[in-house]
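Below is one structure, written out as structure tokens; the observations come after it.
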Amino acid sequence: MFMLMHVIDMGHDVYKANDKVAEKNKKKLDKYQVFSVNVMGAIGSGKTTLIEEVIRQLKDKYKIAVIAGDVIAEMDSSRFRKLDVPTIPVNTGKECHLDAKLVEKALDEIDLNNTDLLLIENVGNLICPVDFKLGEHLRVVIVSVTEGDDIILKHPMIFKTSNLAVINKVDIAHAVDVDAEKMRDDILSLNPNVPVILTSKHDWESLETWISFIELGVKKSQNR
Amino acid sequence: MHEFSIACEIFEQVMATAKEHGATEVKHVTLQMGRLSHTNPEQLSFCFKVLSEESIAENADFIVEMIPPSLECECGYTGTVDEEKIRENCEFKSELLAYAAVMECPICGKPAQITGGRELIIKSIEIETEDQN
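Order-wise, the sequence lines are chains A and B.
Just so you know, my numbering puts the end of the first sequence at 1128, numbered straight through with nothing missing.
Just so you know, my numbering puts the end of the second sequence at 134, numbered straight through with nothing missing.
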């Protein structure tokens, strides 16, 4: 008996397989006119807090649902539930990002007929979520001044691929010896057309800008 | 670190294809990895090794070919990034950053769209089968 050698072409793109599921998710969300936001950012950047502000201000006008992704998602989920919005915790276990399949499964548990805005909180880091689309309409990256003002150029791809960048906790920039304007310039050097918002949870005006950006997306979705 | 779950997907796809073709051994697995993807080739190779223990892919060579980023500009330019410019940017320690920093059109200088360099493709496998004749 002889052994034969063969080369078999596969051409299987691992990320494209995820993109296909993401596209399916997006179509489903479009069908129900749900505006979805993928909120990315490092641990402690303020993702949960800024999402809470959106919920507080918009929940009387729009029907909101949340997908809370985390290694252990229960903590953040209970914060959102306290605000009386349906929340699906997605435990990623050892994984460092949400992917389209996890979101697809979570969507089955959400009453999309009764949802205008879906906020998806991704797992906290600036690296792993970048390559995995979820089916979102808006990709937001939140970075806080406490991460240091060289953080942006260290993680170029997340800023290059986002549609909105938020620099958070600017009220304490001086205390941590960081120039928030340098952070803004760095983001714009990587992605010249991305809107950049500077926020602090103690500055209501800055929160209003953040919230109105999300509301604009919801309105656009409803008029489609 | 998400190399392990990606390696799982690669291992599953490789084994399914190998089985479909009646393989007795997988000799090579060749991947194409975009330089802008957030995957580490060494870690991925290590994870694949661990996963393939005691399988027909146990001794497979895991080959990773790196793909440079490609660009598309509104002026009509399409192509890969300017290698000269990357060398000029060698002050940057991170290769990824050096690539991202030069993502502007070499013709008109405007920021260009990234059209390639983020992929992770299982290109091919080389397998051994028994000759039934």
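We treat Cβ as the ideally placed atom computed from N, Cα and C, and that holds for glycine.
Just so we're clear, the structure is a prediction, and the values are computed from it rather than from any experiment.
For the beta strand (DSSP E) containing residue i, list its first residue and its last residue.
i: R1135 of chain A; result: Examination of residue 1135 of chain A is not possible in this model, given that chain A is present from 905 through 1128 alone.
i: G973 of chain A; result: 968-974
i: G948 of chain A; result: Unbroken run through G948 of chain A: none, as it is neither H nor E.
i: A878 of chain A; result: Since the first and last residues shown for chain A are 905 and 1128, residue 878 of chain A lies out of range.
i: I1031 of chain A; result: Here I1031 of chain A belongs to no beta strand (DSSP E), and DSSP marks it neither H nor E.
i: V1122 of chain A; result: Segment 1108-1127 is the alpha helix (DSSP H) holding V1122 of chain A; no beta strand (DSSP E) there.
i: N995 of chain A; result: 991-995
i: K28 of chain B; result: 26-35
i: K124 of chain B; result: 121-131
i: V1098 of chain A; result: Unbroken run through V1098 of chain A: none, as it is neither H nor E.
i: N63 of chain B; result: At residue 63 of chain B the sequence reads Phe, which differs from the Asn that was named. Looking at the DSSP string, the run of the beta strand (DSSP E) that includes F63 of chain B is 62-68.
i: L1022 of chain A; result: 1021-1025
i: V911 of chain A; result: 907-917
Along chain B, which residues have their Cβ under 8 angstroms away from the Cβ of residue i?
i: L908 of chain A; result: E129, T130, E131, D132
If the criterion is Cβ atoms closer than 8 angstroms, does the pair residue i and residue j meet it?
i: E73 of chain B; j: T81 of chain B; result: no
i: L962 of chain A; j: L1021 of chain A; result: yes
i: I1031 of chain A; j: I971 of chain A; result: no
i: I128 of chain B; j: E26 of chain B; result: yes
i: V1049 of chain A; j: A1077 of chain A; result: yes
i: G997 of chain A; j: V1027 of chain A; result: no
i: E1013 of chain A; j: I992 of chain A; result: yes
i: H910 of chain A; j: H29 of chain B; result: no
i: E120 of chain B; j: P112 of chain B; result: no
i: I1118 of chain A; j: V941 of chain A; result: yes
i: E1051 of chain A; j: A969 of chain A; result: no
i: L1120 of chain A; j: V1098 of chain A; result: no
i: F1063 of chain A; j: N922 of chain A; result: no
i: M944 of chain A; j: V1045 of chain A; result: yes
i: E956 of chain A; j: L1111 of chain A; result: no
i: M907 of chain A; j: T18 of chain B; result: no
i: H39 of chain B; j: V918 of chain A; result: no
i: S46 of chain B; j: E999 of chain A; result: no
i: I959 of chain A; j: L1002 of chain A; result: no
What in chain A is Cβ-close to residue i, meaning under 8 angstroms?
i: L37 of chain B; result: M1061
With a threshold of 8 angstroms between beta carbons, is residue i in contact with chain B?
i: M1087 of chain A; result: no
i: P993 of chain A; result: no
i: H1001 of chain A; result: yes
i: V1034 of chain A; result: yes
i: D1054 of chain A; result: no
i: P1096 of chain A; result: yes
Return the first residue and the last residue of the alpha helix (DSSP H) that residue i is part of.
i: P42 of chain B; result: 42-53
i: E978 of chain A; result: 978-985
i: E1085 of chain A; result: 1084-1094
i: F1063 of chain A; result: 1060-1064
i: M104 of chain B; result: Looking at the DSSP string, M104 of chain B is not in any alpha helix (DSSP H), and its letter there is neither H nor E.
i: Q937 of chain A; result: First-last for Q937 of chain A: undefined, no H or E at that position.
i: E75 of chain B; result: Element bounds for E75 of chain B: n/a, residue is neither H nor E.
i: V1007 of chain A; result: 1004-1011
i: V15 of chain B; result: 4-21
Got a sec: is the Cβ-Cβ distance from residue i to anything in chain A below 8 angstroms?
i: P112 of chain B; result: yes
i: K28 of chain B; result: yes
i: S53 of chain B; result: no
i: Q44 of chain B; result: no
i: E10 of chain B; result: yes
i: I126 of chain B; result: yes
i: I108 of chain B; result: no
i: I57 of chain B; result: no
Along chain A, in chain order, which residues have C-beta atoms closer than 7 angstroms to that of residue i?
i: T18 of chain B; result: I912, M914
i: I64 of chain B; result: Correct list: empty, because the minimum Cβ distance to chain A is about 12 angstroms.
i: S6 of chain B; result: E999
Excluding the 5 residues preceding and the 5 following residue i in the sequence, name in chain order all residues of the same chain whose CB lies nearer than 6 angstroms to its CB.
i: S125 of chain B; result: T31
i: V65 of chain B; result: L32, M34, P42
i: L927 of chain A; result: The sequence shown places Glu at residue 927 of chain A, not Leu. Excluding sequence neighbours, E927 of chain A sits near nothing in its chain.
i: Q114 of chain B; result: E73
Under 9 angstroms between beta-carbons, which chain A residues line up against residue i? List them in chain order, please.
i: E120 of chain B; result: D917, V918, Y919, K920
i: I123 of chain B; result: M914, G915, H916, D917, V918
Tell me which same chain residues have a C-beta within less than 8 angstroms of the C-beta of residue i, skipping the five on either side of it?
i: K50 of chain B; result: F63
i: H1106 of chain A; result: D1075
i: M1087 of chain A; result: V1047, V1049, D1053, I1055, I1056, I1071
i: P1060 of chain A; result: L1094
i: S71 of chain B; result: T79, G80, T81, V82, I115, T116, G117, G118
For residue i, which residues in chain B fall below 7 angstroms Cβ to Cβ?
i: I1091 of chain A; result: The premise fails here: I1091 of chain A is roughly 12 angstroms from chain B at the closest Cβ pair, so nothing lies under 7 angstroms.
i: I1031 of chain A; result: H39
Looking only at its chain, what residues have a beta carbon closer than 7 angstroms to the beta carbon of residue i, apart from the 5 residues adjacent to it on each side?
i: N929 of chain A; result: A1004, V1007, E1008, L1011, L1038, G1039
i: V864 of chain A; result: In the structure as shown, chain A begins at 905 and stops at 1128. Residue 864 of chain A is therefore absent and cannot be evaluated.
i: I1091 of chain A; result: I1056, F1063, A1069, V1098, V1100
i: K1073 of chain A; result: G950, S1048, V1049, T1050, S1104
Checking contacts by CB at 8 angstroms: is residue i closer than that to chain E?
i: L1030 of chain A; result: Looking at the structure shown, chain E is missing, and the protein chains on hand are A and B.
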